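**Q** Count along the sequence shown from 1, add 59, and you get the number used in our numbering.
All C-beta atoms in this analysis are idealised placements derived from N, C-alpha and C, irrespective of residue type, glycine included.
On a predicted model such as this, the values are computed, not experimentally measured, just so you know.
My questions will all concern the structure given below.
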Amino acid sequence: METKAGDPGAFAHFDLHRVPSPAFVVDEAAIRRNLAILADVKARSGVKILAAMKAFSMWELAPVIGEYLDGVCTSGLWEARLANEKYRGEIATYCAGYKEADMAEIVGISDHVIFNSPNQHRRFTAFLNDSTDVGLRINPEHAEGEVAKYDPCSPGSRLGFPVSQLKPEHLDGVSGLHFHTLCEQDFVPLKRTWDSLKPKIAPYFDQIKWLNFGGGHHITRADYQREELIDFLKSVRAETGLDIYLEPGEAVALDAGILVGELLDVFENGVGVGITDISATCHMPDVIEAPYRPAMLGERDDGPVIRLGGPSCLAGDIIGDYRLPTKAVPGTRFAFLDQAHYSMVKTNTFNGVPLPSIWLWNSETDELKCVRQFDWTEFRDRLS
60 METKAGDPGA
70 FAHFDLHRVP
80 SPAFVVDEAA
90 IRRNLAILAD
100 VKARSGVKIL
110 AAMKAFSMWE
120 LAPVIGEYLD
130 GVCTSGLWEA
140 RLANEKYRGE
150 IATYCAGYKE
160 ADMAEIVGIS
170 DHVIFNSPNQ
180 HRRFTAFLND
190 STDVGLRINP
200 EHAEGEVAKY
210 DPCSPGSRLG
220 FPVSQLKPEH
230 LDGVSGLHFH
240 TLCEQDFVPL
250 KRTWDSLKPK
260 IAPYFDQIKW
270 LNFGGGHHIT
280 RADYQREELI
290 DFLKSVRAET
300 GLDIYLEPGE
310 AVALDAGILV
320 GELLDVFENG
330 VGVGITDISA
340 TCHMPDVIEA
350 PYRPAMLGER
360 DDGPVIRLGG
370 PSCLAGDIIG
380 DYRLPTKAVP
390 GTRFAFLDQA
400 HYSMVKTNTF
410 NGVPLPSIWL
420 WNSETDELKC
430 VRQFDWTEFR
440 DRLS
């Protein structure tokens, strides 16, 4: 299982006992550093950047995101409602399949409504008006994904209209084309995607106003080729004459949060086993779905290995094998790195496992604030 790298940053000096366990702790200063990088790319390239709420929807920081970026992109009615209520700037909504009952509100909320196919666009034309900015998501049919299951361009993908089937009549009433092909990747896959896609959509440049390059761009990662990206974006704007959008999600919150946990029990079963109050299936589903092994704050290079898993009854609720920074005994605190994005938005209460509380920390001022704590009614009320 691949271990995702994580930069501890200022969390290397954070006292894990300052918060209850389990708990997400997000560093506002780290979020601001990421946003400043994105804002610099935006300013120097002349593109617009929207934060992808599907990756990071902690609206306590919505005003901070509004200071740096042009708005947000949402994945349906509920995210669009949250964007409309808490965020500022443009709202671009894309959904693989809209429901008729949602369309009037989505159109009223969104600055851009992006359809997954010409069929969906035609079906909901009656809900649109002259001021509705309509987009169409296309599938470039150029695979760059490292895992086929998560590659939007894999054969038979449900995401986006195959560009090989695109015809001029499909763009009647359409202002822009959207594509999203990357996942935690650097500039080179984006450039390859564009080189493959450009000849196929160039005939339509005079019919549209914008291009949206979607998300998956790891722009705030230390080794990302930002200068090359900026030059590329300027070049695309010049050669197409179109407005360009990017929709990073993970890049907004990269290395900006940890998930604090505690050992509940330790025993031997051919390998050291540690039961924790963090559940992979409930708190970090991507550990099982992707799969991947989250990096641990301060993990040792040597010493005894312990297999950590959650308190649920699911046999596969295993996080991974680790060498803890301190002795593995009940009550030991530890933390997983880079958990602000995707983990927070994907938590669930399977098996009645409690949800982690959410805390906002500022590593520059050391201010610590409880954003949300959950009780058992979160489990009860969603099932009534």
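1) Unbroken beta strand (DSSP E) runs of length 3 or more, entirely within the region 278-340: which are they?
2) Hey, out of 299, 231, 303, whose CA is closest to residue 237's CA?
3) How about residue 320 and residue 79: are their beta carbons less than 7 Å apart?
4) Whose C-beta lies closer than 6 Å to the C-beta of residue 121 among residues of the same chain, with five residues either side of it excluded?
5) Which word fits residue 265, buried or exposed, when buried means at least 16 other C-beta atoms lie within 10 angstroms of its C-beta?
6) In this structure, does DSSP put residue 346 in helix, strand or coil?
7) Does DSSP put residue 398 in a helix, in a strand, or in coil?
8) Can you give me the C-alpha to C-alpha distance between residue 326 and residue 332, rounded to a whole angstrom?
9) So the candidates are 212, 349, 193; which of them puts its Cα closest to the Cα of residue 269?
10) Please go through the same chain and pick out, in chain order, the residues whose beta-carbon is closer than 7 Å to the beta-carbon of residue 284, but skip the five residues on each side of it.
11) Using DSSP with H/G/I as helix, E/B as strand and the rest coil, what is residue 188?
12) Specify whether the region 180-198 and the region 215-231 touch according to this definition: at least 3 beta carbon pairs, one from each stretch, less than 8 Å apart.
13) What did DSSP end up calling residue 174 once you bin it into helix, strand or coil?
14) Tell me whether the region 103-114 and the region 348-366 touch, counting them as touching only if at least three CB pairs, one residue from each stretch, are closer than 8 Å.
15) Okay, do the region 366-374 and the region 409-422 touch, 3+ Cβ pairs below 8 Å being the bar?
16) Thinking C-beta only, is residue 263 closer than 7 Å to residue 301?
17) So, with DSSP's three-state summary, where would you put residue 234?
18) Starting from residue 438, follow the alpha helix (DSSP H) in both directions and report where the run begins and ends.
19) With 16 as the cutoff for other CB atoms within 10 Å, does residue 442 come out buried or exposed?
20) Would you mind working out which of 434, 433, 419 sits nearest residue 427, comparing C-alpha positions?
21) If you count every other CB in all the chains shown that lies within 10 Å of the CB of residue 223, and 16 or more means buried, which is it?
22) At the level of alpha carbons, what is the spacing between residue 175 and residue 151?
23) Taking the continuous alpha helix (DSSP H) assigned at residue 120, which residues delimit it?
24) Give me whichever residues DSSP pairs with residue 426 in a beta bridge.
25) When DSSP labels each residue in this structure, what does residue 355 get in the three-state scheme?
26) Do you know offhand how far residue 138's Cα is from residue 171's?
27) Considering only the alpha carbon of each residue, which of 289, 424, 334, 386 lies closest to residue 100?
28) Around the C-beta of residue 361, are 16 or more other C-beta atoms found within 10 angstroms, so that it is buried, or is it exposed?
29) Among the residues of its own chain, which have a CB less than 8 Å from the CB of residue 148, if the five just before and after it don't count?
30) Out of 215, 191, 134, which has the shortest C-alpha to C-alpha gap to residue 163?
31) Over what stretch of residues does the alpha helix (DSSP H) that includes residue 99 continue unbroken?
32) DSSP beta-bridge partners for residue 140?
33) Could you tell me the alpha carbon to alpha carbon distance between residue 215 and residue 207, rounded to whole angstroms?
34) Do residue 307 and residue 347 have their beta-carbon atoms positioned less than 7 Å apart in this structure?
**A** Checking against the coordinates, here is how it stands:
1) 302-305, 316-327, 331-335
2) 303
3) no
4) 145, 146
5) exposed
6) helix
7) coil
8) 5 Å
9) 193
10) 245, 246
11) coil
12) yes
13) strand
14) no
15) yes
16) no
17) coil
18) 436-440
19) exposed
20) 419
21) exposed
22) 13 Å
23) Element bounds for residue 120: n/a, residue is neither H nor E.
24) 421
25) strand
26) 14 Å
27) 289
28) exposed
29) 109, 125, 128, 129, 130, 131
30) 191
31) 87-104
32) Answer is none; residue 140 lacks a bridge partner.
33) 11 Å
34) no
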